[in-house]
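**Student:** Chains as they are written, first to last, in full-length UniProt numbering: chain P, 1 to 103; chain B, 1 to 103; chain Y, 1 to 103; chain U, 1 to 103. Ideal Cβ positions, reconstructed from N, Cα and C, are used throughout, including at glycine.
There are 4 protein chains.
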Amino acid sequence: MALLEISIVPIGTDSPSIGDYVAEVVKVCDQHGLKYNLTDMGTIIEGDADTIFSAAKMLHELPFNRGISRVLTHLTIDDRRDKAIHLEDEVKAVQDRLTQKAA
Amino acid sequence: MALLEISIVPIGTDSPSIGDYVAEVVKVCDQHGLKYNLTDMGTIIEGDADTIFSAAKMLHELPFNRGISRVLTHLTIDDRRDKAIHLEDEVKAVQDRLTQKAA
Amino acid sequence: MALLEISIVPIGTDSPSIGDYVAEVVKVCDQHGLKYNLTDMGTIIEGDADTIFSAAKMLHELPFNRGISRVLTHLTIDDRRDKAIHLEDEVKAVQDRLTQKAA
Amino acid sequence: MALLEISIVPIGTDSPSIGDYVAEVVKVCDQHGLKYNLTDMGTIIEGDADTIFSAAKMLHELPFNRGISRVLTHLTIDDRRDKAIHLEDEVKAVQDRLTQKAA
């Protein structure tokens, strides 16, 4: 299982705000039943390699459908095959370590 | 104001787990009074350009202090000078859009 | 047309050197007739969205085939639909601007 | 020694072309005597941690000086303390491996 962080940036908008484009990414994730967390810097999606690469390809197209002619998409994939990674696992693992050290 | 997402990856560890290194990043952020959110894919820090670049430089060194000889650090900076960006702002702005559209 | 920069990092390799894994990426690009440029920080592949996403998915698997259990893959896609982007285009466009300014 | 790949993206430019901004990054690197390679996806700068972090901070400001109000800057740092990394080293190391394997 893997986690994919995706950030899709439309280039050439006449405003510095890209919230509408991010909202559409979230909406399409919901429509496709993807498991995700929205952060201030991207959307983190959970799934196996097939799921995350097809999600990335679908989501990358969204700004073009709204007339944007250039898109910069950043993808970071953390893929473990020794154990499953689910949303919140990494955060919990780090918090557990910090709690142990503080004890 | 800006948001910095930082991911610091030690290369050459003999284990696929890097949770200890991430826990140390979080601990040092706390020690230095930095405002941050931990996600499954990185740590998002809030601050002006001076704050985030000095934080990045300090945090990048941490694995070397533990004997690691190679580190890959990824930094994404979202910096707006037309309005302040604080942690959770982008998430809230997107959620507000989705709520409006659903109404 | 788009350019994809891909960097595939095996985690838990017990050695700071990952050159063997990068060499395999290049070899597989050659075997599949992909157009690419190797840089010090990644491999830049040229193609339409179908080509680059299928290349990314294929290349991401390579370290797992060699027994690695965790892989961090970074992908940056610069995709323009108003004009074709080919390898070396961006570099040439910047150099032309610098030459004009110097003239 | 380390290699820094930097990509500075102005948001809200009203045009999909960002070549002028990249040309300015290159010009300022020259003015400051930085060792760099320009690629289609970013500028790779060589130096120790002090050099690359101060270069990143200086270059990140450039679009703001031209009236841009939002900038997304991506930095990837490959930092080795077991041996020096210079521009072209990684490319040469991979090419040497491929030549050996072909022999």
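Whose Cβ in chain P lies nearer than 9 Å to the Cβ of B/GLY19?
**Tutor:** Translated into the one-based positions of the second sequence, residue 19 of chain B becomes position 19. Under the 9 Å cutoff, chain P gives GLU90, ALA93, VAL94, ASP96 and ARG97.
**Student:** Three or more C-beta pairs under 8 Å: does that hold for the segment 76-84 of chain Y against the segment 81-89 of chain U?
**Tutor:** Touching, no, given that fewer than three Cβ pairs across the two stretches are closer than 8 Å.
**Student:** On the three-state DSSP scale, how would you describe P/ASP48?
**Tutor:** Along the first sequence, one-based indexing puts residue 48 of chain P at 48. Three-state result, P/ASP48: coil.
**Student:** Just grab the DSSP bridge partners of P/PRO10 for me.
**Tutor:** Start at 1 with the first residue of the first sequence, and residue 10 of chain P comes out as number 10. P/VAL71, per the DSSP bridge assignment.
**Student:** Which residue's Cα is closest to the Cα of Y/ILE8: Y/LEU87, Y/MET1 and Y/ALA56?
**Tutor:** Taking the third sequence and counting its residues from 1, one reaches residue 8 of chain Y at position 8. Nearest C-alpha to Y/ILE8: Y/ALA56.
**Student:** Over what stretch of residues does the alpha helix (DSSP H) that includes P/LEU62 continue unbroken?
**Tutor:** Counting from one through the first sequence, the residue named residue 62 of chain P turns up at place 62. Here the alpha helix (DSSP H) through P/LEU62 covers 62-65.
**Student:** Going by Cα to Cα distance, which pick from Y/VAL71, Y/LEU34 and Y/LEU62 is closest to P/ALA2?
**Tutor:** Taking the first sequence and counting its residues from 1, one reaches residue 2 of chain P at position 2. Nearest C-alpha to P/ALA2: Y/VAL71.
**Student:** For P/ASP40, count the other beta carbons within 10 Å of its own beta carbon; 16 or more makes it buried, fewer makes it exposed. Which is it?
**Tutor:** For the purposes of this step, residue 40 of chain P is identified with residue 40 of the first sequence, where counting begins at 1. The residue in question, P/ASP40, is buried, as its Cβ has 16 or more Cβ neighbours within 10 Å.
**Student:** Would you please verify whether the beta carbon of Y/HIS74 is less than 7 Å from any beta carbon of chain P?
**Tutor:** Sequence index remark: in the third sequence, residue 74 of chain Y carries index 74 (1-based). Chain P, which has a Cβ nearer than 7 Å to the Cβ of Y/HIS74, makes this yes.
**Student:** Can you find a C-beta in chain U that's less than 7 Å from the C-beta of B/VAL28?
**Tutor:** For the purposes of this step, residue 28 of chain B is taken as residue 28 along the second sequence, with counting starting at 1. B/VAL28 does not count as touching chain U.
**Student:** Can you give the Cα-Cα distance for B/GLU90 and Y/VAL25, rounded to whole angstroms?
**Tutor:** Here residue 90 of chain B corresponds to residue number 90 of the second sequence, with the count starting at 1. Here residue 25 of chain Y corresponds to residue number 25 of the third sequence, with the count starting at 1. The straight-line gap from Cα to Cα measures roughly 36 Å.
**Student:** Decide if B/THR99 is buried, meaning its Cβ has at least 16 other Cβ atoms within 10 Å, or exposed.
**Tutor:** For this step, residue 99 of chain B is matched to residue 99 along the second sequence. B/THR99 is exposed by the Cβ-count criterion.
**Student:** Is any beta-carbon of chain U found at less than 7 Å from that of B/SER69?
**Tutor:** For the purposes of this step, residue 69 of chain B is taken as residue 69 along the second sequence, with counting starting at 1. So, interface residue.
**Student:** Using a cut-off of 8 Å between C-beta atoms, extract the partners of U/LYS35 located in chain B.
**Tutor:** The sequence position of residue 35 of chain U within the fourth sequence is 35, counting from 1. Those within 8 Å of U/LYS35 in chain B number zero; the least Cβ separation is about 19 Å.
**Student:** Report buried or exposed for P/ALA102, applying the criterion of at least 16 other Cβ atoms within 10 angstroms of its Cβ.
**Tutor:** Walking along the first sequence from the start, residue 102 of chain P turns up at place 102. Burial call: exposed.
**Student:** Considering Y/LEU87, what are the terminal residues of the beta strand (DSSP E) in which it resides?
**Tutor:** For the purposes of this step, residue 87 of chain Y is taken as residue 87 along the third sequence, with counting starting at 1. Run containing Y/LEU87: none; DSSP gives neither H nor E here.
**Student:** Quick one: grab the DSSP three-state call for residue 151 of chain P.
**Tutor:** In the structure as shown, chain P starts at 1 and stops at 103, and residue 151 of chain P therefore has no counterpart that could be examined.
**Student:** Determine, using beta carbons only, whether U/HIS74 and U/GLU46 come nearer to each other than 7 Å.
**Tutor:** In the fourth sequence, the residue the question calls residue 74 of chain U occupies position 74. In the fourth sequence, the residue the question calls residue 46 of chain U occupies position 46. Contact: no.
**Student:** Exposed or buried, which one is P/GLY12 when buried takes at least 16 other CB atoms within 10 Å?
**Tutor:** In the first sequence, residue 12 of chain P corresponds to position 12, counting from 1. So P/GLY12 ends up on the buried side.
**Student:** Which same chain residues end up closer than 7 Å to Y/GLU61 when comparing Cβ atoms and leaving out the 5 residues on each side of it in sequence?
**Tutor:** To locate residue 61 of chain Y, count along the third sequence from 1; it is residue 61. For Y/GLU61, where only same-chain residues beyond five positions count, there are no Cβ hits under 7 Å.
**Student:** Using a C-beta cutoff of 7 Å, does Y/ALA23 count as contacting chain U?
**Tutor:** Numbered from 1 along the third sequence, position 23 holds the residue referred to as residue 23 of chain Y. At least one chain U Cβ lies under 7 Å of Y/ALA23.
**Student:** Counting only beta-carbon separations shorter than 7 Å, does P/GLY42 have a partner in chain U?
**Tutor:** Numbered from 1 along the first sequence, position 42 holds the residue referred to as residue 42 of chain P. So, not an interface residue.
**Student:** Could you give the distance in angstroms between the alpha-carbon of Y/GLY19 and the alpha-carbon of B/GLY67?
**Tutor:** Looking up residue 19 of chain Y in the third sequence gives position 19. Looking up residue 67 of chain B in the second sequence gives position 67. About 21 Å.
**Student:** Under 8 Å between beta-carbons, which chain U residues line up against Y/ASP50? List them in chain order, please.
**Tutor:** Residue numbering aside, residue 50 of chain Y sits at position 50 when the third sequence is read from its first letter. What Y/ASP50 touches in chain U: nothing, since even the nearest Cβ is about 20 Å away.
**Student:** For U/THR39, does the three-state DSSP call read helix, strand or coil?
**Tutor:** The sequence position of residue 39 of chain U within the fourth sequence is 39, counting from 1. Coil.
**Student:** Among all the DSSP beta bridges, which residues are the ones paired with U/ALA2?
**Tutor:** Position 2 of the fourth sequence holds residue 2 of chain U. Beta-bridge pairing links U/ALA2 to U/GLY47 and U/ASP79.
**Student:** When the Cα atoms are used, what is the spatial distance from Y/GLN31 to Y/ILE44?
**Tutor:** Locating residue 31 of chain Y in the third sequence gives position 31, counting from the first residue. Locating residue 44 of chain Y in the third sequence gives position 44, counting from the first residue. Computed Cα separation, rounded: 16 Å.
**Student:** Tell me, to the nearest whole angstrom, how far the beta carbon of B/ALA33 is from that of B/GLU5; I am working on the premise that it is less than 8 Å.
**Tutor:** What you label residue 33 of chain B is simply residue 33 of the second sequence in a count that begins at 1. What you label residue 5 of chain B is simply residue 5 of the second sequence in a count that begins at 1. Note on residue identity: the sequence assigns Gly, not Ala, to residue 33 of chain B. Going by Cβ atoms, the distance from B/GLY33 to B/GLU5 rounds to 19 Å, so no, they are not a contact pair.
**Student:** Go ahead and pull the three-state DSSP assignment for B/LEU98.
**Tutor:** Counting from 1 along the second sequence, the entry for residue 98 of chain B is found at position 98. Note: B/LEU98 maps to helix in three-state DSSP.
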